[in-house]
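Undergrad: Chains A and B supply the protein sequences, listed in that same order. Just so we're aligned: 25 in this note's numbering is position 25 of the first sequence, and the numbers increase by one with no gaps anywhere. Just so we're aligned: 1276 in this note's numbering is position 276 of the second sequence, and the numbers increase by one with no gaps anywhere.
Number of protein chains: 2
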Amino acid sequence: MSKQVVTIKELAQRLNVSIATVSRALRNSGDVNRETRERVVRLAAELHYSPNYFAQSLVKQQTKIIGVVVPTIYSHYFSQALCGMTDVANEHDYYVMFCQSNETSGLERKSMEKLVACHADGLLISISKETKDRSMFDEVLSNGIPIVQFDRILPGLQVTKVIVDEFEGALKAVEHLIARKCRRIAHFAGPMELSVSVNRLNGYLEALKKHRIPVDKSLIIPCNSFEDDAQTATKKLMHLKVLPDGLFAVNDLSAIAAIQYLKKHGVRVPQDIKVVGFNDDPASRLIDPTLTTIMQPGYEVGKLAMGVLIDEIKNKKNKNQVFKLRTKLIARESSRSRI
Amino acid sequence: MSKQVVTIKELAQRLNVSIATVSRALRNSGDVNRETRERVVRLAAELHYSPNYFAQSLVKQQTKIIGVVVPTIYSHYFSQALCGMTDVANEHDYYVMFCQSNETSGLERKSMEKLVACHADGLLISISKETKDRSMFDEVLSNGIPIVQFDRILPGLQVTKVIVDEFEGALKAVEHLIARKCRRIAHFAGPMELSVSVNRLNGYLEALKKHRIPVDKSLIIPCNSFEDDAQTATKKLMHLKVLPDGLFAVNDLSAIAAIQYLKKHGVRVPQDIKVVGFNDDPASRLIDPTLTTIMQPGYEVGKLAMGVLIDEIKNKKNKNQVFKLRTKLIARESSRSRI
DNA sequence: CCGCGGACCGTAAACGTTTTCGGAAAAAAA
DNA sequence: TTTTTTTCCGAAAACGTTTACGGTCCGCGG
């Protein structure tokens, strides 16, 4: 930012009026002669004057900046959410300041510090895998900056949360398998530090309980979303004495990796084992067989989170609510009963 | 932003020194007694003081904000680029203000206006499909704000550009097919308003020319990346008198849609027709057969673009250069010659 | 004893706005 | 004419910083 090109002061000088008048004319506030106003407006347009947002922020005590910090944008779900957020931000003339934690709590903290330094009006956060410590969150809050958590939640914070009903989604997924006569259902479980993984596991357990299927711990295999991990998990699965007839994976990528691996080793999907994923990743409709999955409304999560945050900012009120969005089961070939 | 929690003024009062001293102590500039400095620093830490970024920007005449405007983040390639950008921005303590044009020139213009209003130090832009008009770009430039274009370029602007060598990538792709004995090679061509589509088409034509294969216009089928469009394109393809033995698609999504459609209609890939895509979308390694494709270094594009922009800002110099990154061919099953 | 340099710190201007308050002039009412 | 009201506009403070400039005090050399 080299020396501002045209300021309110320059306009004032050129028109032989005070800067106050110029400001009033442009803001359309207070009294100013119709003719004067027109002269001001005309010259402003002519010189492409645009007010310095920061100077305004200083006196208005608001920046119209929303800080967004996500673990990584490199995931279909978070892309969708960011999309929804910026769309809503645009409607309300807010800026979105984008930060990534790259799944580390160090970068997450640094991002939050930068965000309070630039006096963001509010923060939208989905925590990293590492995050345990709430001190930085408390500090943000004590600075009077509202936070809305979405998707990945740090428990214990008195703030509004926008989440997806993972539990119910997982329940639906497993019941879908049970309805298709699966009785030995395996689960690829995500990292237990993440609330979403826990919720999906709990949904799995609840479904079994509901249908009086005993829990077999050897069928619950830890798996960190990464392709390699999913392959090892699948290998473990295939080495069980009795092969399961169903698999509920914590996300689509591991489900897809599993399917690939199973196919390569002569296990047929869905005839021998039916598979359900989670996320409705674009890839899920591209593999063979297409993957049954649980759709999470990422775009809606983003829209809603940004919406309530802006609302809280405007009304200076922490609603401290939990918004839980519903998932949708999308049945495809990987769980079909008759071929 | 409710009334700033703790300001430099408050620190000064509490310590019975002037605000100038506080500022000097914290900035470590000018002379200030060691003991005084320590007292200041200690109290600042204690009260969690963080300077108001905007106030600083006002006097320093720089915001450390980089505006990024992309057509949509809802694409693997742009996600990667954004990722690279934020990583570099972080290293240099810059903010990234994120905007989406949703492929409309209206939103693109509005985003740019907002970005000059908040006095971003520089802009990183990949244009929308609609963009024809350069007036807004000129205005930004005339405000002294440097621009670096990446990926999708609006021709004629005297600014630095970071692009991928689409031409050479397409050339490689088609030569790969030719080397595998394809002689009737079709091309799904993207929208001609986009420089990238044009470059890929030209690469295709060049490859044919180089190997003295006559161009058959009926083999060049327009296709707008969308799934439906790709299906209609594939349908057209199958209705040709003689089926092509190769297909070079403008991007992976249309290639994948084509493969699905071909498979469903009994055409074998790669035996009957070999297919190459563009992008190395994660989906490309998940379908059956896995898709041969051209990898574009999205993350690197982002890193480089942000890097040169920051460099130009610091040195106040528009280098007006073109950085062309190389693609990489990733051979997979969809183009194998022996099965 | 005088003067000088250095160490330390305060005053005030500047950055570009918005907004309160009050004043001048014009118009209306008396 | 005088008073009141209205219309329009300017001065100045405020937002939270940085920084150029100058002042005070101290110690030291002469």
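By construction, the Cβ of each residue, glycine as well, lies at the ideal position given by its N, Cα and C atoms. As the structure is a computational prediction, the values presented were derived from the model and not from experiment.
(1) Among A:K235, A:I330, A:L243, which residue has its Cα nearest to the Cα of R183 of chain A?
(2) Quick one: which chain A residues come within Cβ less than 7 Å of A1283 of chain B?
(3) With a cut-off of 8 Å, does the C-beta of I1073 of chain B fall near any C-beta of chain A?
(4) If the criterion is Cβ atoms closer than 8 Å, does the pair F1278 of chain B and L1177 of chain B meet it?
(5) Does any residue of chain B have a CB that is nearer than 8 Å to the CB of M238 of chain A?
(6) Please classify P214 of chain A as buried or exposed, where buried requires at least 16 neighbouring CB atoms within 10 angstroms.
(7) Could you check if S1002 of chain B is buried or exposed, using at least 16 other CB atoms within 10 Å of its CB as the buried criterion?
(8) Once DSSP output is grouped into helix, strand and coil, what is the label at M1001 of chain B?
(9) Under 7 Å Cβ to Cβ from N1320 of chain B, same chain only, skipping five residues before and after it: list those, please.
(10) So what's C1099 of chain B in DSSP terms, helix, strand or just coil?
(11) Helix or strand or just coil, what does DSSP make of F278 of chain A?
(12) Using a Cβ-Cβ cut-off of less than 7 Å, list which residues of the segment 1124–1144 of chain B approach chain A; keep chain order.
(13) Using a beta-carbon distance cut-off of less than 8 Å, what residues from the segment 1043–1056 of chain B approach chain A?
(14) Count Cβ pairs between the segment 278–292 of chain A and the segment 315–331 of chain A that sit closer than 8 Å; are there 3 or more?
(15) Anything in the segment 1090–1107 of chain B with a Cβ closer than 9 Å to a Cβ of chain A? List those residues in chain order, please.
(16) So I1256 of chain B contacts chain A; which residues on that side make the cut at Cβ distance below 9 Å?
(17) Let's see if you can read the secondary structure: which residues bound the beta strand (DSSP E) around I8 of chain A?
(18) State the CB to CB distance for the pair A230 of chain A and A257 of chain A, rounded to an integer number of angstroms; the pair is presumed to be in contact (CB under 8 Å).
(19) Can you list the residues of chain B that V118 of chain A reaches, using a CB-CB cut of under 8 Å?
(20) Please state whether DSSP places M1238 of chain B in a helix, a strand or coil.
(21) Kindly list the residues whose CB is nearer than 7 Å to the CB of D1343 of chain B, restricted to its own chain and excluding five residues on each side of it in sequence; keep chain order.
(22) Does any C-beta atom of chain A lie closer than 8 Å to the C-beta of T1007 of chain B?
(23) Measuring CA to CA, which of A:K129, A:D93, A:Y94, A:M136 is closest to K114 of chain A?
(24) Is the shortest distance between the beta-carbon of S79 of chain A and the beta-carbons of chain B less than 8 Å?
(25) For K9 of chain A, collect the residues of the same chain with a Cβ closer than 7 Å to its Cβ; drop the 5 residues on either side in sequence, then sort them by chain order.
(26) Sort out for me which residues DSSP pairs F188 of chain A with in a bridge.
(27) Could you tell me which of B:V1140, B:E1139, B:F1150 sits nearest to I1127 of chain B, measuring between CA atoms?
(28) Write down every uninterrupted run of the alpha helix (DSSP H) in the segment 1045–1097 of chain B whose length is 4 residues or greater and which is fully enclosed by it, in chain order.
(29) Going straight from the alpha carbon of A89 of chain A to that of R1134 of chain B, what length do you get?
(30) Output the boundary residues of the alpha helix (DSSP H) element that contains V301 of chain A.
(31) Give a yes or no on whether the C-beta atoms belonging to N1199 of chain B and A1170 of chain B are separated by under 8 Å.
(32) With three or more C-beta pairs closer than 8 Å as the rule, is the segment 1308–1316 of chain B touching the segment 1262–1281 of chain B?
(33) Would you decide whether K64 of chain A is buried or exposed? Buried here means 16 or more other CB atoms lie within 10 Å of its CB.
(34) Looking at S1349 of chain B: is its Cβ nearer than 8 Å to the Cβ of P1071 of chain B?
(35) Quick check: V1196 of chain B and E1175 of chain B, are their CB atoms within less than 8 Å of each other?
TA: By the coordinates alone:
(1) A:L243
(2) P282, A283, L286
(3) yes
(4) no
(5) no
(6) exposed
(7) Residue placement at S1002 of chain B cannot be trusted, given a pLDDT of 47 that sits under 50; the coordinates are not used to answer.
(8) Because M1001 of chain B carries a pLDDT of 41, less than 50, the predicted location of this residue cannot be relied on, and the following value inherits that uncertainty. Three-state result, M1001 of chain B: coil.
(9) Q1158, V1159, T1160
(10) strand
(11) coil
(12) E1139, N1143, G1144
(13) H1048, S1050, P1051, N1052, Y1053, F1054, A1055
(14) yes
(15) N1090, D1093, Y1095, V1096, M1097, F1098, C1099, Q1100, N1102, L1107
(16) L286
(17) Taken as a continuous stretch (DSSP letters only), I8 of chain A belongs to no beta strand (DSSP E), being part of the alpha helix (DSSP H) at 8–15.
(18) 4 Å
(19) According to the sequence displayed, residue 118 of chain A carries Cys and not Val. Those are Y1053, F1054, Y1095, listed as they occur along chain B.
(20) helix
(21) The question about residue 1343 of chain B has no answer, for chain B in this structure spans 1001 to 1339.
(22) no
(23) A:M136
(24) yes
(25) I19
(26) A:I221, A:A249
(27) B:F1150
(28) 1053–1060, 1076–1091
(29) 26 Å
(30) 298–315
(31) yes
(32) no
(33) buried
(34) Since the first and last residues shown for chain B are 1001 and 1339, residue 1349 of chain B lies out of range.
(35) no
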